[in-house]
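**Q** Chains as they are written, first to last, in this note's numbering: chain A, 1 to 491; chain B, 1001 to 1491. Glycine included, every Cβ here is placed at the ideal spot set by N, Cα and C. Below is one structure. I have some questions about it.
Number of protein chains: 2
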Amino acid sequence: MAKEIVNREENYSLWYNNLVTKADLAENSAVRGCMVIKPYGYAIWEKMQAQLDKMFKETGHVNAYFPLFIPKSFLSKEAEHVEGFAKECAVVTHHRLMANPDGPGVVVDPDAKLEEELVVRPTSETIIWNTYRNWIKSYRDLPILINQWANVVRWEMRTRLFLRTTEFLWQEGHTAHSTKQEAIEETEKMVNVYATFAREFMAMPVIVGRKTESERFAGALDTLCIEALMQDGKALQAGTSHFLGQNFAKAFDVQFANKEGTLDYVWASSWGVSTRLMGALVMAHSDNNGLVLPPKLAPIHVVMVPIFKTDEEHSRVIEKMELLKSRLEKLNITVKIDDRDNLRSGFKFAEWELKGVPVRVAMGPRDLENGTLEIARRDNLTKESREFEGTENHICSLLDQIQDNIYTKALKFREENTINIDDYETFKQKIEEGGFLMCHWDGTAETEAKIKEETKATIRCIPLEGPSPEDGKCIYSGKPSVGRVIFARAY
Amino acid sequence: MAKEIVNREENYSLWYNNLVTKADLAENSAVRGCMVIKPYGYAIWEKMQAQLDKMFKETGHVNAYFPLFIPKSFLSKEAEHVEGFAKECAVVTHHRLMANPDGPGVVVDPDAKLEEELVVRPTSETIIWNTYRNWIKSYRDLPILINQWANVVRWEMRTRLFLRTTEFLWQEGHTAHSTKQEAIEETEKMVNVYATFAREFMAMPVIVGRKTESERFAGALDTLCIEALMQDGKALQAGTSHFLGQNFAKAFDVQFANKEGTLDYVWASSWGVSTRLMGALVMAHSDNNGLVLPPKLAPIHVVMVPIFKTDEEHSRVIEKMELLKSRLEKLNITVKIDDRDNLRSGFKFAEWELKGVPVRVAMGPRDLENGTLEIARRDNLTKESREFEGTENHICSLLDQIQDNIYTKALKFREENTINIDDYETFKQKIEEGGFLMCHWDGTAETEAKIKEETKATIRCIPLEGPSPEDGKCIYSGKPSVGRVIFARAY
């Protein structure tokens, strides 16, 4: 089973695709660029959703649902927004099919053309701000702190499972505030929620930073982000939080009476993470044996594989396993006993390694004699034999250790691959090796564009954390700079 | 506040719309037939989802996600299916907009026409069975027990919030089995899950039955359903579960090797409930003061309204309320203290009645003196004064009583409005009054169609429960019948 995965060192891209498909996370569908998220992959996404939803609610947000379709004219109302999204829209033009008059099958009914075309939402700022206009009259109606779990469609030309798909699942927060300050604070609060989620649940270190103007969301005044480093040295943007200023309020004429009774435009933020996080999770931790899932997001924490020759041994091993399972379940640990009768245990071991189950328990006749069992860790592939009694508590703390270890390992990798670069020649060399290159930049879009053109590296972000900024000279232009930014090639 | 709602007796349809919009459940959007589900409405839907999802998982199902888009040609593969859905499809024909060469705004880019049009899923049998073909080789791959939470689009000409909208949210189960018997059992199991959910959580009595051939799902061999009676005497189909036979397996060539090693087509079921349940919930229980929510689905169980004149009284009342709130929260009861300073308590009372919060607690200076509080029930609008101490346990059992009472009341209403009718003249009279009319029917589609044409009544279902079938004569044709079926006008 595991043999079917190409080595990460050999072909990273194929290794990723092998993992996603062979570990049953997702696969390509019959519809170009759209994926099928399979049950095992969806179970991980459900865990992500549940945790994020909890964190959103703890920070005062509520969920709602807005239409899938956006009237074409809405998109045009915010100039930069339409510029950013018009080129990749699925457009609904008709509302009926009819029997093909010239043969079998169905064709679009020309009489069912829509008066105004509808765009399948690529993001929902426009339809939501058009709705908020009717909800907001006074400062007493603010803030509005709404999140939506939804599917969105962006017609991508080059797609990759989870990382870039035509349709993807995501959440989009859309908040409305009476002051600029409050909207900025919301933007910052939510990027920090994402950072906490990435670190504590995905076990994935991220850097919180600010996007440069050219990398901003279409329609935003400021875009904050979390950036992670994948094992091939490429960066991955894992979440963004936008301060939208009054752009959408002005485009959709959303004004409120403030405490003084005068009218003002409403301030906005929007923020989102998507099923792209699934791709980040896979690429951040997995190895040549398969997925490595952090326990906090693993659909199965412990898999048990019985070893036996006779029916009598089988039933005695299973009995012990059921006992341990019930003890673990009391500790909120999810257990699967793999009792399939048509597969050898070696095959099962490989399959559950591929699927990234954090802990594997094996037990055979000798274990029954000795009152022992074998515990294998997925993260570092170590095994140990232990006494059966008390194992549930051991596994419970082992899961915490594994969660920590996966994070620590990823953090170490990032630290080893984050380097200060002070001249452009070294930059051009090092960018080939990947990693976060911390460089001085003169703050101009021209320099940024030139470097991108020459090296395919982009400014991932201007970090908001880490060492305090130091003055320096731009690696490209030599002009003065007020602090290092992160350059990398990115997904 | 409550005054803005028209009386149910005066205009039932407007009353319903008033409730849905004024209680902040949902509203119409800028997109024809698509609704915005507002936070309070969405919170109820989330409770429904959570409970249904739990019940699906307890019956062995897992969630997955399939594409929003369906290639046009897929729809045609199952003859009845395309007949049922082709006329109400949103069709994506292009994948790009461009700047309007003749003026402002954007237009569809004619160069971005799709080779094959995509239909926004009206239901997912076709795309899912096309996927299952690759997943199923042998009986060991079966059963597949998958559910999907998704949005779907059916281009309805006449829409009503929740009851019939162009886009709606739903879940759709799609299962694959190696035997006919197993698929039939699954179909029955899931309609019973729906019945349990409706009765125990929505406090809504339903009848489990079988649809006649003309009311079946397009592509099904058998459709089971739950039917509920609304307060205006109209029926509402609240959930369906379909036995699909081998229709989709044949249309998409999904075969498996059985234990004997021979190839056979796979057997299928599909089943779904949607945001239509929200409409059913509103119409089943609400009154002229607003919503009446069963506690098990209420986003807020208890609302507390402080009564006070001075700041000192205010802070003492709030302190007591916070104490009770914390005690209630330990019992998993959701509490809101309505401390808005710009509204009178009478206004608040009316607003929370409108929103259907099951229990209201009021407390004022005299209550502080006496160690009491006032408890009002939303379901029967009764009030009582009680001692503060121990109230949390009282409220806890009160919520159970309210849940039961709402169900009992709805059941009584249905029983009073379910009558046996044995002649067509009486039928034509009684159908004007509404209710479930239990009648003999000769089993032919012709009779069914005639009755529908003449009276707008349809056969809601052939009940699978209730009194054992008795022979009789069809009310329309006088031909022999083997049991009564339920006629009603329906949403």
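What does A/Asn258 reach in chain B if we use C-beta pairs closer than 8 Å?
**A** Residues of chain B passing the Cβ test: none, with the nearest at roughly 15 Å.
**Q** So, helix, strand or coil for B/Arg1386, using DSSP?
**A** Looking at B/Arg1386 - three-state DSSP - the assignment turns out to be strand.
**Q** How would you write the range of the beta strand (DSSP E) that B/Ser1532 sits in, first residue to last?
**A** In the structure as shown, chain B begins at 1001 and stops at 1491. Residue 1532 of chain B is therefore absent and cannot be evaluated.
**Q** Could you tell me whether any Cβ in chain B is nearer than 8 Å to the Cβ of A/Pro101?
**A** no
**Q** What do you reckon, are the CB atoms on B/Glu1125 and B/Ser1013 nearer than 8 Å?
**A** Not in contact: B/Glu1125 and B/Ser1013 (Cβ atoms no closer than 8 Å).
**Q** If you pair each beta-carbon of the stretch 1193–1211 of chain B with each one of the stretch 1084–1094 of chain B, do three or more pairs fall below 8 Å?
**A** no
**Q** Quick check: the stretch 145–164 of chain A against the stretch 15–35 of chain A, are at least 3 beta-carbon pairs closer than 8 Å?
**A** yes
**Q** Quick one: using the 10 Å Cβ neighbour count with 16 as the cut-off for buried, is A/Glu329 buried or exposed?
**A** exposed
**Q** On the DSSP bridge list, what partners appear for A/Gln148?
**A** A/Glu172
**Q** Anything in chain A within Cβ reach of B/Glu1010, meaning under 8 Å, just list it in chain order.
**A** The contacting residues do not exist; B/Glu1010 stays about 26 Å from chain A at best.
**Q** Applying a beta-carbon distance threshold of less than 8 Å, which residues of chain B neighbour A/Ser76?
**A** Pro1104, Gly1105, Val1106
**Q** To the nearest whole angstrom, what separates the beta carbons of A/Val62 and B/Pro1365, a pair I think is in contact under 8 Å?
**A** That belief does not hold up - the Cβ atoms of A/Val62 and B/Pro1365 are roughly 33 Å apart, past 8 Å.
**Q** Should B/Ser1477 be flagged as near chain A, meaning a C-beta pair shorter than 8 Å?
**A** no
**Q** Can you give me, in chain order, the residues of the stretch 1293–1319 of chain B that have a beta carbon less than 7 Å from any beta carbon in chain A?
**A** none
**Q** Can you find a C-beta in chain A that's less than 8 Å from the C-beta of B/Met1001?
**A** For B/Met1001, the pLDDT reaches just 46, beneath the cut-off of 50, and the residue's location in the model is therefore unreliable, although a value from the coordinates is still provided. No - not a single Cβ of chain A is within 8 Å of the one on B/Met1001.
**Q** Shortest alpha-carbon distance to B/Val1304 belongs to which of B/Ser1286, B/Val1335, B/Leu1277, B/Lys1054?
**A** The residue you asked about is not Val; residue 1304 of chain B is Met in the sequence shown. For the residues B/Ser1286, B/Val1335, B/Leu1277, B/Lys1054, the minimum Cα distance to B/Met1304 belongs to B/Val1335.
**Q** Could you tell me if B/Gly1219 is buried or exposed, where buried requires 16 or more neighbouring beta carbons within 10 angstroms of its beta carbon?
**A** Taking all protein chains shown into account, B/Gly1219 has 16 or more neighbouring C-beta atoms within 10 Å of its C-beta and is therefore buried.
**Q** Since A/Ile499 and A/Lys22 are thought to touch, with beta carbons under 8 Å apart, how far apart are those beta carbons, to the nearest angstrom?
**A** The requested residue 499 of chain A does not occur in the structure, where chain A is confined to residues 1 to 491.
**Q** Considering only residues of the same chain and omitting the five flanking positions on each side of A/Gln51, which have a CB-CB separation below 6 Å?
**A** Phe201
**Q** Am I right that B/Leu1142 and B/Gly1060 are in contact with their C-beta atoms under 8 Å? What's the rounded C-beta distance?
**A** About 13 Å separates the CB atoms of B/Leu1142 and B/Gly1060; that is not less than 8 Å, and the two are not in contact.
**Q** Would you please verify whether the beta carbon of B/Pro1143 is less than 8 Å from any beta carbon of chain A?
**A** no
**Q** So, A/Leu236 versus A/Tyr491, is the Cβ gap smaller than 8 Å?
**A** yes
**Q** How would you write the range of the alpha helix (DSSP H) that A/Leu368 sits in, first residue to last?
**A** 365–370
**Q** Is there a Cβ from chain B that is less than 8 Å from the Cβ of A/Ile337?
**A** no
**Q** Mind checking the stretch 51–73 of chain A against chain B and listing, in chain order, the residues whose C-beta falls within less than 7 Å of any C-beta there?
**A** In summary, the residues of the stretch 51–73 of chain A whose CB is separated from some CB of chain B by less than 7 Å are Val62, Asn63, Ala64, Tyr65, Phe66, Pro67, Leu68, Phe69, Pro71, Lys72, Ser73, in the order they occur in the chain.
**Q** Just to confirm my understanding: we take B/Leu1389, look at its own chain, exclude 5 residues before and 5 after, and list those with CB closer than 8 Å. What are they?
**A** According to the sequence provided, residue 1389 of chain B is Glu. The question's Leu does not apply to it. Excluding positions up to five away in sequence, the list reads Gly1371.
**Q** Is the shortest distance between the beta-carbon of A/Ala95 and the beta-carbons of chain B less than 8 Å?
**A** Checking the sequence, you will find His at residue 95 of chain A rather than Ala. Yes - at least one Cβ of chain B is within 8 Å of the one on A/His95.
**Q** Take A/Thr93 and list the residues in its own chain whose beta-carbon comes closer than 7 Å to its own, dropping the five residues that flank it on each side.
**A** Lys113, Leu114, Glu117
**Q** Leaving aside the five residues before and after B/Val1266 along the sequence, list all residues of the same chain whose C-beta is less than 8 Å from its C-beta, in chain order.
**A** Tyr1132, Ile1136, Leu1142, Ala1176, His1177, Ser1178, Gln1246, Ala1249, Val1254, Gln1255, Phe1256
**Q** Let me confirm a value: A/Ser274 is counted as buried when at least 16 other C-beta atoms fall within 10 Å, else exposed. Which label applies?
**A** buried
**Q** Quick check: the stretch 442–450 of chain A against the stretch 467–482 of chain A, are there 3 or more CB pairs under 8 Å?
**A** yes
**Q** Give me whichever residues DSSP pairs with B/Glu1227 in a beta bridge.
**A** B/Ile1207, B/Gln1237, per the DSSP bridge assignment.
**Q** Can you name the residues of chain B whose CB is closer than 7 Å to the CB of A/Glu117?
**A** Val1108
**Q** Between A/Ile421 and A/Met438, is the Cβ-Cβ spacing less than 8 Å?
**A** yes
**Q** Is there a Cβ of chain B sitting closer than 8 Å to that of A/Lys87, yes or no?
**A** yes
**Q** Could you check whether the stretch 273–291 of chain A touches the stretch 311–318 of chain A, counting it as contact only if at least three pairs of C-beta atoms, one from each stretch, sit closer than 8 Å?
**A** Flag = no, the stretch 273–291 of chain A and the stretch 311–318 of chain A do not touch.
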